[in-house]
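Below is one structure, written out as structure tokens, with a few remarks after it.
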Amino acid sequence: MNETQTKLPSSKTLLLSSLIATIIAGFVLVAFIWPAEYGIDLTGLGKRFGLIALSGKPKTYNVQAMAIPLPAQNMTDGDCPKSLDNPSTDESKWQNTVMIMIPPKQGLEYKFHLLKDATLEYAWDSDGAELYFDFHGEPKGDTTGYFKSYKEATDHHAEGQLSVPFDGSHGWYWENKTDQPAIVVLNTKGHYEILGLR
Amino acid sequence: MIAFSDSYKRFSKNILFLVGLCIFTVFSSELYAHGVDENTREFLKANQGLAIGPFLYIGAKHMVTGYDHLLFLVGVIFFLFRTRDVLLYASLFTLGHSLTLLTGVLASIQVNPYLIDAMIGLSVVYKGFDNLQGFKHLIGFQPNPKVAVMIFGLFHGFGLATKLQEFALPKTDLWKNLLAFNIGVELGQFFALTFILIVLDYWRQHNSFYTFSTATNTLLMSSGLILFGYQMTGYLLK
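The listed protein sequences derive, respectively, from chains C and V. Quick note: the first sequence uses this note's numbering, first residue 1, plus one each step. Quick note: the second sequence uses this note's numbering, first residue 1001, plus one each step.
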């Protein structure tokens, strides 16, 4: 193909060229293209130069943890009329309903203050995603960081009733391990004071 | 004194040229990938029936802004000094990619876009390596470059085909639209080729062309490897 007298590169030059080409390609690929295109950041350079943001995998949702009180929900399923013989509808109503937004890859606490032996009745549902949760209580005035765990699991729903063993704040720690914001709707009933998000 | 000012002149000329080349490179890296941009996407989704003008334009734009095709062309004509040869190689490339573009779309031959784009990246590596006389060193002879450009043309054509197949184009007047796209591709190629040739011809009048020919082809190989790695990662992830 070379009709002209350009000097032929020697074997050494060829080897060196191929090596340099491979090294440059490998570096550019791993350091810049992987983070920017696929969100794979092995070198940390992608994060440093803000390339991760290009990868189309939103790492930061503009979502803040929040709790929005809703009108208390009815425990029974919606609109089916209650039998007049059983006028206990009042008891089946929740006292409070709150919608809690958990940003992706974050955890938060929602707490109530209850006195010893007071009862907390609860039921919560997430919008689908399974959440790690720890239902626990911390004694009032405790500074040691002690807490008692009542229930710890990973689920999208939990309900029950608890007679708390001591004065203090009681409630849930939820952790959203997914890439999407999660919404929890929590229904409660009992003699408590809402402390809210922690 | 005269010798000094002469070599200084040549030096500054070379520098000027290199700066120009850098600007050109930066400019081309600003261009779109070989993908299809948002407006074109909208058009292709909505379009029904015959649309010669738009398809001509999309084909031309795709070629002019497709750095994978451009890099390959640079590699192919890097050491082609005669217009006759440039025309011959460009025609072989055209023949190759038109064949697979047309049959690929009309016969709905499904090829994985990532794999085909990875192959196109390899074609750039091949040409850079070939320009460095790599095959003479490695296997003792150079595979026929005309056959090679034709075969790689086939892969580039499949690459073009996959971009259109994304859109499930309506069958009505498909072959006419496709032909328009193909002609657009050739117009774009002609335009790009002319531009590359002007730059190359100018460069060849300077010593830096010969000084940097090895470096340039090394860079070409590197770019091809980057494209290859980029597409293979995509293939493995998705």
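Even glycine gets a Cβ: it sits at the ideal position worked out from N, Cα and C.
Give the straight-line distance between the Cα atoms of residue i and residue j, rounded to the nearest whole angstrom.
{"i": "C/L14", "j": "V/V1076", "result": "18 Å"}
{"i": "C/L16", "j": "V/T1211", "result": "16 Å"}
{"i": "C/Q95", "j": "C/E121", "result": "10 Å"}
{"i": "V/D1037", "j": "C/I68", "result": "41 Å"}
{"i": "C/P104", "j": "V/A1118", "result": "34 Å"}
{"i": "C/F166", "j": "C/L115", "result": "6 Å"}
{"i": "V/N1131", "j": "V/V1147", "result": "15 Å"}
{"i": "C/T4", "j": "C/L29", "result": "No answer about C/T4 holds up, because its pLDDT of 46 lies below 50 and its placement is not dependable."}
{"i": "V/G1184", "j": "V/L1050", "result": "15 Å"}
{"i": "V/P1170", "j": "V/T1094", "result": "25 Å"}
{"i": "V/F1055", "j": "V/L1087", "result": "25 Å"}
{"i": "V/G1157", "j": "V/I1109", "result": "12 Å"}
{"i": "C/T97", "j": "C/G171", "result": "14 Å"}
{"i": "V/A1090", "j": "C/T178", "result": "51 Å"}
{"i": "V/S1213", "j": "C/A53", "result": "37 Å"}
{"i": "C/E109", "j": "C/Y146", "result": "15 Å"}
{"i": "C/S149", "j": "V/T1162", "result": "57 Å"}
{"i": "V/N1039", "j": "V/G1059", "result": "14 Å"}
{"i": "V/Q1133", "j": "C/S55", "result": "38 Å"}
{"i": "C/A173", "j": "V/L1154", "result": "It is Tyr, not Ala, that sits at residue 173 of chain C in the sequence shown. Going by the C-alpha atoms only, they are around 59 Å apart."}
{"i": "V/K1136", "j": "V/R1041", "result": "44 Å"}
{"i": "V/H1069", "j": "V/F1043", "result": "23 Å"}
{"i": "C/T144", "j": "C/R198", "result": "17 Å"}
{"i": "V/L1179", "j": "C/A36", "result": "35 Å"}
{"i": "V/P1143", "j": "V/A1107", "result": "31 Å"}
{"i": "V/F1081", "j": "V/L1200", "result": "10 Å"}
For chain V, is any of its Cβ atoms less than 8 Å away from the one on residue i?
{"i": "C/Q180", "result": "no"}
{"i": "C/A25", "result": "yes"}
{"i": "C/T43", "result": "no"}
{"i": "C/P35", "result": "no"}
{"i": "C/S149", "result": "no"}
{"i": "C/V28", "result": "yes"}
{"i": "C/L14", "result": "yes"}
{"i": "C/A53", "result": "no"}
{"i": "C/I20", "result": "yes"}
{"i": "C/S11", "result": "yes"}
Looking at the C-beta of residue i, does it have a partner C-beta in chain C at a distance below 8 Å?
{"i": "V/G1134", "result": "yes"}
{"i": "V/H1137", "result": "yes"}
{"i": "V/T1040", "result": "no"}
{"i": "V/G1157", "result": "no"}
{"i": "V/M1063", "result": "no"}
{"i": "V/G1229", "result": "yes"}
{"i": "V/I1226", "result": "yes"}
{"i": "V/S1222", "result": "yes"}
{"i": "V/G1218", "result": "At residue 1218 of chain V the sequence reads Thr, which differs from the Gly that was named. It does: the Cβ of V/T1218 has a partner Cβ on chain C nearer than 8 Å."}
{"i": "V/T1214", "result": "yes"}
{"i": "V/L1237", "result": "yes"}
{"i": "V/T1233", "result": "yes"}
Pop quiz: residue i and residue j are said to be a contact at Cβ under 8 Å. What is the actual Cβ separation, rounded to whole angstroms?
{"i": "C/M101", "j": "C/A65", "result": "6 Å"}
{"i": "V/I1120", "j": "V/L1237", "result": "Not quite, the Cβ-Cβ distance comes to about 19 Å (not below 8 Å), so this is no contact."}
{"i": "V/N1182", "j": "V/S1098", "result": "6 Å"}
{"i": "C/L42", "j": "C/F32", "result": "With a Cβ gap of about 11 Å, C/L42 and C/F32 do not count as contacting."}
{"i": "C/E193", "j": "C/H113", "result": "4 Å"}
{"i": "V/V1064", "j": "V/F1191", "result": "6 Å"}
For the alpha helix (DSSP H) containing residue i, list its first residue and its last residue.
{"i": "V/Q1189", "result": "1174-1204"}
{"i": "C/L19", "result": "11-28"}
{"i": "V/G1134", "result": "1134-1139"}
{"i": "C/Q95", "result": "Taken as a continuous stretch (DSSP letters only), C/Q95 belongs to no alpha helix (DSSP H), as it is neither H nor E."}
Between residue i and the ligand ATP, is the CB less than 7 Å from at least one heavy atom?
{"i": "C/T178", "result": "Questions concerning the ligand ATP fall outside what the structure shown contains, since it holds no ligand whatsoever."}
Which residue marks the beginning of the beta strand (DSSP E) containing residue i, and which one marks its end?
{"i": "C/H191", "result": "Where C/H191 is concerned, there is no enclosing beta strand (DSSP E), given that its DSSP letter is neither H nor E."}
{"i": "C/L114", "result": "106-114"}
{"i": "C/A67", "result": "66-70"}
{"i": "C/G125", "result": "One point to set straight first is that residue 125 of chain C is Asp, not Gly, in the sequence displayed. Per DSSP, C/D125 belongs to the beta strand (DSSP E) from 119-126."}
{"i": "V/Q1048", "result": "Taken as a continuous stretch (DSSP letters only), V/Q1048 belongs to no beta strand (DSSP E), as it is neither H nor E."}
{"i": "V/N1131", "result": "First-last for V/N1131: 1113-1131, but that is the alpha helix (DSSP H), not the beta strand (DSSP E)."}
{"i": "C/T154", "result": "148-155"}
Examine the Cβ distances between the segment 1159-1177 of chain V and the segment 1113-1127 of chain V and report whether three or more of them are shorter than 8 Å. yes
Hey, is the segment 1083-1103 of chain V in contact with the segment 1220-1234 of chain V, meaning 3+ C-beta pairs nearer than 8 Å? no
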